[in-house]
Every structure is written in structure tokens, then in C-alpha cells.
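One structure below.
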Amino acid sequence: MSAIWAGNFFVLKNALDFVDPITFSFLRAFLGGAFVLALGGYKMKELSRRNVAMLSFIGLFNVSLFQILLNVGLTTVSPGVASTLLYTQPVFVAALSPLVGESLSHRKMGGIVAAFGGVVLIFLSSFSGVTVVIGDVLVLGSSLAWSISVLLYKKWNVSGDGRGVSVQLIAGSVFILPVFAFQEPILEPNPIFWVYLLYNVVLATGAGYIIFWGLLSKTPASELTSYLFLVPALTTVFGSVLAFSIPPWNEVVGTLLVALGIVVVNK
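What follows is the structure, given as C-alpha cells:
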């Protein structure tokens, strides 16, 4: 899951050369929801109306706000900086986890701080000389929206299988539709764009969401989300591998800090 989402930052950045952020958010959510529904939502009728309503509300945060804010932010922010800002999410979740009955020990907080410090160290060069722009604020807003959805999910204890994921995605795509009243869709049907969209629908949304929400139904939120610090770390690893280069010291030390933080949180 972390590896899929790490690669998706580069996919998203390139996809936005051919489509506006709102249209891409809608396509990813709606097609991803349809894909998950075809895979595991065949028992949809077994969901209660209460579950459907709650999952739809979660979709407002986890799909609509999350994807719109992230995609719009990526138009002005580099993938490295965006991944660092987005994966402040485990910090938000850990800080607010007592609201859903989870204990927040000093050990957990120490591990989260270490892991987040490792992420910042990895992308130290990306932040040097960079001034805060509106895209940074939007990506942080995306992180907060995702955090709220995680906490609502744990509070309400709703379905975490294919049915629940498909409801979130399809409801989230419906919430995106009103935005088109203020913006005309832009889409250049370049063949490479469909490859980027396929990656988002099948892997980043289909596989990624099923794994994440399935695990979240069985794992404390603060512990599971600590693994998400792997995403920006893996982003740098992929970049080094593709460039056939040796990672600099800050990436090596930062990745070790991330690993240490995850181990401490989940000990």
C-alpha cells in the first residue's frame, strides 16, 4: 500500500498536465468506486441505511475534500514537498486519537515524532529556500481532511470491506459534482493520461483503499497510520533507484528514523 501511494505522487503530478484537478478527482473517485464495487461490493444490500449514511459522510472528507485539496495543491507544489506535508496525517491522527478512545502514550508520541523528523530530514533539500505557497496550505488541508475521516471511521465502527470502500468513493464523487458549476472540465485524452488514470483507479484507489480501510477496521488508528511515514521515504528510494544514484546521507538517516519510529509506535 505504501509503495503504491509513494509512486502515485509522480503519477498524479504528470497526470495533471492533461486534466484539471477537479475532473481528475471525480474520475478517480467514481471509477475507483465502480471498480471496488465490482470486486467486493456485491453484498451492498446487507449494509444498513445508517452505515451507508455514515460512510457517505466519511467519503466527503476522505474522498471529496482529500482529493480536491491534494490535486489542486500539486499544481504548485513538488511531489517531494507534497508527500511530506500530506503525511503529517499520522501526527494529526495520533494527537486526536484519544477522542476515539485510544491511549496516547509517551512511547507512541516519541515514535511518531521520530518518524516525522525522519521524513523532514529526507526532504531537507526540497524545503531549503522554498517559501510557503497556497499549494502547501491546500495539501495540509488534505491531510487534515483524511485524518478526520480516519477518526470518524474508528468512532462509528462502520464497514471496512469492499462495500464500505465503494460507498465512500461513489458518495465522494457525487459530492465533487457541484464544483463543476464553477469550473468547466478540461481533459486532453492523451494515451499516457489513461495509463495514469488506470494506475489511480486500480492501484492507488482500488487496492490502496481496500488495504487501508480493511486494516484500519482491525488496528488502532495511531498505530496503522504510523506506517504511512513509509510513503515519503519510499518516494525518495524510488527516485534514487530510477536515477541509478546513491542516496545522500540525509535520505539514509531519515529512512532509518522513519523505520525506528514505526517500530517504537507499534512495539
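Everything in the sequence shown is counted per this note's numbering, starting at 163 for the first residue and increasing by one. Ideal Cβ placement from N, Cα and C applies to all residues, glycine included. Just so we're clear, the structure is a prediction, and the values are computed from it rather than from any experiment.
For W411, the closest of F192, T398, P351 and R212 by C-alpha to C-alpha distance is T398. In the structure shown, V181 adopts extended strand secondary structure according to DSSP, grouped into three states. When DSSP reads this structure, L349 sits in a beta bridge with V181. If the five residues before and after I220 are omitted, its C-beta is found closer than 7 Å to the C-beta atoms of S311, L314, Y315 and Q330, all from its own chain and listed in chain order. Within 10 angstroms of the beta-carbon of I166 lie 16 or more other beta-carbons, which makes it buried.
The distance from the Cβ of M163 to that of I373 is about 4 Å, consistent with a contact at the 8 Å cut-off.
Taken through DSSP and simplified to helix, strand or coil, T381 comes out as coil.
Burial state of F344 is exposed, judged by a 10 Å Cβ sphere holding fewer than 16 other Cβ atoms. Residues S304, A307 and W308 of the same chain have their beta carbon placed closer than 6 Å to that of F228, with the five preceding and five following residues left out of the count. Remark: C-beta atoms of G416 and S388 do not approach each other more closely than 8 Å. With a 10 Å radius around the Cβ and a threshold of 16 neighbouring Cβ atoms, G263 comes out exposed. When the five nearest sequence neighbours on each side are left out, the beta carbons in the same chain lying within less than 7 Å of the beta carbon of S328 are those of G195, V198, L199 and G203, in order along the chain. Beyond the five residues adjoining it in sequence on each side, L248 comes within less than 7 Å, by CB distance, of L232, V301, S304 and S305 in the same chain, given in chain order. The region 269-285 makes no contact with the region 178-191: fewer than 3 CB pairs, one atom from each, lie closer than 8 Å. Rounded to the nearest angstrom, the gap between the Cα atoms of W356 and N362 is 10 Å.
Counted as a single uninterrupted DSSP element, the alpha helix (DSSP H) harbouring V299 occupies residues I296 to W318. The Cβ-Cβ distance between F391 and F223 does not fall below 8 Å. For G322, the secondary structure class from DSSP, reduced to helix, strand or coil, is coil. For L365, there is no enclosing alpha helix (DSSP H), as DSSP marks it with neither H nor E.
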